[in-house]
Amino acid sequence: MQTGSQTANSHTVAGRRAFSLLEILITLLVLSGSVVIMFSGFDTAAQLDMFASFESEAAFLAEREIELLKSELLQGHIKPAAGSMKSRFRLKPGWKIASVMADIDKEDSVRLICSVSNGDRLFQLESFIYVPTAGAKK
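In terms of my numbering, the sequence shown opens at residue 4 and continues consecutively.
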């Protein structure tokens, strides 16, 4: 013989309410969506980390190259003239540096551009230096 509470509520098990199949499926859907979003966030973070690593290394290499050019310009080892120059530093495999110097302008400043590349990535750094004796006319 069944009691009235058991016939009125067929979802009770020992006095507790059980989850329906629909509730379980919705919960699994939400959890699986959360996991997918979380792992796509990890992938994006890894890509951003690789890009930041390249930017950091390229900025260091370009700054080192430009500082060497500025030093040599100020010491008179090289003349300020338009053209490109090769790097004199040893680089990691796959890395390339190209430096370009523009002609001296009317304000005695020289524009220096250094491009650093690794594969399909490119980083450019531009700087100006004032060279007062370079534009002196005799």
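We treat Cβ as the ideally placed atom computed from N, Cα and C, and that holds for glycine.
- Compute the Euclidean distance between the alpha carbons of Cys117 and Gly36, then round it to the nearest angstrom. When rounded, the distance between both Cα atoms is 45 angstroms.
- Message: Quick test of your reading: Val2 and Trp98, contact by CB under 8 angstroms. State the CB separation rounded to the nearest angstrom.
- Response: Look at the range of the chain in this structure, 4 to 141, and you will see that residue 2 is not part of it.
- Query: Can you tell me the Cα-Cα spacing of Gln78 and Ser90, whole angstroms?
  - Reply: Straight across, the Cα-Cα distance linking Gln78 with Ser90 is about 18 angstroms.
- Message: Considering only DSSP beta bridges, list what Ser112 is partnered with.
- Response: Answer is Tyr133.
- Message: Suppose the cutoff is 6 angstroms on Cβ atoms and the five residues either side in sequence are ignored; what does the same chain contact list for Gln127 look like?
- Response: Non-local beta-carbon contacts of Gln127 in its own chain, meaning distances under 6 angstroms to residues more than five positions away in sequence, involve Ser118 in chain order.
- Query: What beta strand (DSSP E) runs, 3 residues minimum, are completely inside the stretch 51 to 123?
  - Reply: Runs of the beta strand (DSSP E) inside the stretch 51 to 123: 86 to 89, 98 to 104, 112 to 121.
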